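Remarks on the structure that follows.
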Amino acid sequence: EFAIRPEDVDAGDEGLHATVRVVEPLGPHTLVTCDVEGGLFRAILESNAAIAVGDRLRLAPKADRIRWFDPETTNAL
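Going by the working numbering, the first residue of the sequence shown is number 1, and it counts up by one from there.
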């Protein structure tokens, strides 16, 4: 299993398909709540992107920010 923080994803041409459900402007950033693979995921994106409810995005984790966990022990690897 892996975990990723909301600020450690990028919207771009690759990644998981996401449908925007909520958009919350936060000054220099925008918090978006998306439906990803049937579950909700929050991402913090740069506010220069024009994002609206209903938009479809591709969200990909920043590779150097992924944290891996053992699914049986839940210990970080």
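All C-beta atoms in this analysis are idealised placements derived from N, C-alpha and C, irrespective of residue type, glycine included.
Just so we're clear, the structure is a prediction, and the values are computed from it rather than from any experiment.
Assigned with DSSP and collapsed to three states, residue 63 falls in helix. Counting of Cβ neighbours within 10 angstroms places residue 22 among the exposed residues, the total staying below 16. Counting every other CB atom within 10 Å of its CB across the protein chains shown gives residue 57 a total of 16 or more, marking it as buried. DSSP places residue 71 outside both helix and strand once states are collapsed to three, so it counts as coil. Taking 8 Å as the cut-off, the beta carbon of residue 9 is found no closer than this to the beta carbon of residue 76. In this structure residue 19 is exposed. Its beta-carbon is surrounded by fewer than 16 other beta-carbon atoms within 10 angstroms.
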